[in-house]
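Protein chains: 2
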Amino acid sequence: MSRSRSDLIAETLEDEILRGRFAPGTRLDETKLAEEHGVSRTPLREAFQKLAAAGLIEQQPRRGVFVREVGAVELLEMFEVMAEIEAACGRLAAQRITDAALADLDAANARCRAAMEAGESDAYYRENEVFHHLIYTQSGNRFLAGEAARLHRRLKPFRRTQLHLRGRMAQSMAEHLEIVAALRAGEADRAASLLRAHIAVQGEKFHHLMAGLRAAE
Amino acid sequence: MSRSRSDLIAETLEDEILRGRFAPGTRLDETKLAEEHGVSRTPLREAFQKLAAAGLIEQQPRRGVFVREVGAVELLEMFEVMAEIEAACGRLAAQRITDAALADLDAANARCRAAMEAGESDAYYRENEVFHHLIYTQSGNRFLAGEAARLHRRLKPFRRTQLHLRGRMAQSMAEHLEIVAALRAGEADRAASLLRAHIAVQGEKFHHLMAGLRAAE
DNA sequence: AAATCGTTTCTTGTATACGAAAGCTTGACT
DNA sequence: AGTCAAGCTTTCGTATACAAGAAACGATTT
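Residue numbers (the UniProt record's numbering), protein chains in the order written: chain A, 1 to 217; chain B, 1 to 217.
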């Protein structure tokens with residue numbers, strides 16, 4: 001199950017898109033990118049197909065490929081789905097999680113707290129990711145965990161700014177503790193609800209953020 | 001947003017794979033398929049990238065592409081995710097569904113009942129699909145609806161045999177009615193639970209089916 | 001007789017070349 | 001001066017040619 005050439009190109013391209021090197025709506029020049037990667041157009045076009053399937057770019061026949069604009073509506077929808085998927089992970093994890101994994105969650109939360117108290121939002125962000133990925137895998141459903149990770153990654157650029165909002169870190173921290181408690185108690189419904197709310201608030205914050213940006217224009 | 005050539009090839013290929021023309025594990029011959037579609041290898045390879053991204057085929061570098069084997073475990077995982085996604089659709093739909101859509105659901109169920117009483121499992125299957133797709137769209141979340149439809153399609157070949165199981169149609173029918181009742185009442189949690197159970201039973205039935213097949217070998 | 005190494009052939013991966021379509025520029029006409 | 005059309009340029013889509021790797025086959029050796 002080794003990786004092929006166009007896979008690598010697709011990965012780096014995906015990374016560059018998500019990291020914002022190419023603004024939404026930008027046309028991706030085949031020839032330019034080809035020589036940038038030191039290959040011909042062929043492997044690049046194959047990489048494009050992958051990105052198109054993943055929904056990151058849009059191919060307009062005879063026009064070229066463009067970085068997809070994700071509108072505010074679609075973004076909110078994706079946050080909503082993320083909330084539901086994490087809820088599902090939590091529901092299943094509550095029934096299946098191991099003691100070792102619970103300990104890992106505690107550890108991640110301890111590091112979260114340390115980061116919060118130090119006011120290091122970047123560190124908090126990293127540990128927060130660890131926390132959530134642990135829950136994905138503890139769903140005991142590799143397919144679900146994969147889908148969760150995929151969407152999580154997709155939303156990453158839009159989640160980044162969230163933690164700088166006033167008081168969000170502390171609230172997030174408190175929610176984490178409640179979530180772990182529910183998982184430890186094996187309360188599936190409660191774990192699901194807590195996780196849903198925990199993620200949904202990101203969508204709402206994002207909504208407010210967008211509204212603010214719009215008003216500032 | 002028109003469709004390109006390799007898109008069409010990818011679609012037909014996906015269809016042929018899901019319909020079982022190519023057994024899992026089969027190697028897909030580029031040249032053979034190319035001349036079968038009357039094109040060169042290039043557009044075919046581009047179609048392969050899409051299918052690989054969708055997880056239907058696996059590309060082994062310098063070896064070729066193979067139809068992916070979906071093991072029983074992964075299949076059960078996918079059913080579990082389907083259950084959770086449909087539950088999410090139901091939860092959201094309960095808050096957002098229109099009267100017109102409720103009427104459509106009633107109509108679909110009426111056609112389901114007719115098919116059941118006539119013992120036409122194929123017709124039941126079709127109307128059952130209509131019913132579920134209505135719920136997807138009524139989630140009011142196009143992204144979620146898309147993901148639901150994608151997974152639904154992916155599981156189609158494995159759901160097909162389900163309805164022939166003794167008494168499944170009648171039970172399914174009864175569940176549909178309960179689901180609509182919950183949606184009409186706007187009871188989000190109940191709609192979600194009912195849908196989750198409604199789909200989960202398919203996974204279990206499938207599980208039994210698999211066990212039966214294994215034992216029969 | 002079996003095993004191993006070399007050769008040959010087949011297939012994949014990539015480059016390049018060519019045809020076609022879309023957009024832009026230029027020029028003519030109203 | 002503005003608008004429309006025709007040609008020109010650019011870029012996409014596809015075919016084809018070529019290179020490299022993998023598998024199969026055979027020959028030689030132990």
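All C-beta atoms in this analysis are idealised placements derived from N, C-alpha and C, irrespective of residue type, glycine included. These numbers were taken from a predicted model, which means no experiment stands behind them.
Counting along the chain, residue 17 of chain B sits inside no beta strand (DSSP E); it lies in the alpha helix (DSSP H) bounded by residues 5 to 18. Under the three-state reduction of DSSP output, residue 63 of chain A falls in the coil class, being neither helix nor strand.
Under DSSP, no beta-bridge partner is assigned to residue 147 of chain A.
Residues of the region 146 to 180 of chain A with a Cβ closer than 8 angstroms to any Cβ of chain B, in chain order: 147. Residue pairing for residue 68 of chain A: DSSP places it in no beta bridge.
Rounded to the nearest angstrom, the gap between the Cα atoms of residue 91 of chain A and residue 188 of chain A is 4 angstroms. Neighbours of residue 59 of chain B in chain A, taken as residues whose beta carbon is under 7 angstroms from its own, are 4 in chain order. Close to chain A, meaning a Cβ-Cβ distance shorter than 7 angstroms, are the following residues of the region 73 to 88 of chain B: 74, 77, 78, 80, 81, 84 and 88. From the listed residues B:6, B:56 and B:43, the smallest Cα separation to residue 153 of chain B is found for B:56. If you draw a 10 Å sphere on the C-beta of residue 139 of chain B, you find 16 or more other C-beta atoms in it, and that means buried.
Within the region 79 to 141 of chain B, the complete alpha helix (DSSP H) runs of at least 4 residues fall at 99 to 118 and 121 to 138. Nearest CB-CB separation between residue 22 of chain B and chain A: not below the 8 angstroms threshold. Going by beta carbons, residue 200 of chain A and residue 115 of chain A fall outside the 8 angstroms limit. A Cβ-Cβ distance of about 24 angstroms is found for the pair residue 69 of chain A and residue 148 of chain A, leaving them out of contact under the 8 angstroms criterion. DSSP, reduced to helix, strand and coil, places residue 183 of chain A within a helical segment of the structure shown.
Proximity of chain B to residue 141 of chain A at the Cβ level (cut-off 8 angstroms) is accounted for by 77, 80 and 81, in chain order.
About 4 angstroms separates the beta carbons of residue 9 of chain B and residue 47 of chain B, which is inside the 8 angstroms limit, making them a contact pair. Residue-level contact check: residue 117 of chain A does not touch chain B, since none of the beta carbons of chain B fall below 8 angstroms from its beta carbon.
According to DSSP, residue 58 of chain A shares a beta bridge with A:66.
In the DSSP assignment, residue 31 of chain B falls within the alpha helix (DSSP H) that extends over 30 to 37. Collapsing the DSSP output to three states places residue 45 of chain B in a helix. In this structure, the straight-line span from the alpha carbon of residue 142 of chain A to that of residue 128 of chain B is close to 28 angstroms. Taking C-alpha positions only, residue 155 of chain A is separated from residue 164 of chain B by approximately 42 angstroms.
Rounded to the nearest whole angstrom, the C-alpha separation of residue 158 of chain A and residue 80 of chain A is 13 angstroms. In the structure shown, residue 21 of chain B adopts coil according to DSSP, grouped into three states.
Within the DSSP secondary-structure output, residue 27 of chain B pairs in a beta bridge with B:66. Between the region 89 to 105 of chain B and the region 181 to 198 of chain B, the count of C-beta pairs closer than 8 angstroms reaches three or more; the two stretches touch.
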